[in-house]
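1 is the number of the first residue of the sequence shown in the UniProt record's numbering; add one for each residue after it. For glycine and all other residues, C-beta sits at the position ideal for the given N, C-alpha and C. Data first, discussion second: the structure below is written as structure tokens.
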Amino acid sequence: IARDLGFSVAEISDLLNLWNNQSRQSADVKRLAQTHIDELDRRIQNMQHMAQTLKALIHCCAGDALPDCPILHTLGQPDDSEPEARTGAVLRRPRRHGLAKRL
1 IARDLGFSVA
11 EISDLLNLWN
21 NQSRQSADVK
31 RLAQTHIDEL
41 DRRIQNMQHM
51 AQTLKALIHC
61 CAGDALPDCP
71 ILHTLGQPDD
81 SEPEARTGAV
91 LRRPRRHGLA
101 KRL
């Protein structure tokens, strides 16, 4: 069930250690669970931001037979943001200039 709730292997290991420790304090278990909820909330917020950005890009795209596409244009822009400011869950490799080089 812990994996279904999104706990990492390391977090599950911590939970198992607490399970096996008869002198554990429930506050330690609660703190671990709260930390996990905080991380889930952060990831949900980031995904909602990504979805809003994509929805805005989709709204700007005519989706017709013409080659001009604001989605590709935006994705082709250099990313000057700091890693902490990015909304993705993983850090990307440094971008090369020009969309064709990345495709």
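Query raised in the report: Which ranges does the beta strand (DSSP E) cover as unbroken runs of at least 3 residues, wholly within the region 19 to 64, from first to last along the chain?
Result: With a minimum length of 3 residues, no continuous beta strand (DSSP E) run stays inside the region 19 to 64.
Requested in this report: Look at the Cβ atom of ILE71, then the Cβ atom of LEU57, and state whether they are nearer than 7 Å.
Outcome: Yes, they are a contact pair.
**Report entry** Per-residue DSSP class, three states only, for ILE1
**Finding:** coil
Query raised in the report: Less than 7 Å separating the beta-carbons of LEU18 and ASP4?
Result: Going by beta carbons, LEU18 and ASP4 fall outside the 7 Å limit.
Query - Sub-7 Å separation of CYS69 and CYS60 beta-carbons - result: No, they are not a contact pair.
Query - ASN14 vs LEU32 beta-carbon contact at 7 Å - result: Here residue 14 turns out to be Asp, not Asn, going by the sequence shown. A contact, by the Cβ cut-off of 7 Å.
**Report entry** Contacting residues, own chain, Cβ-Cβ under 8 Å from HIS36 (five flanking each side not counted)
**Finding:** LEU5, GLY6, PHE7 and GLU11
Report task. Go ahead and pull the three-state DSSP assignment for SER8. Result -> coil
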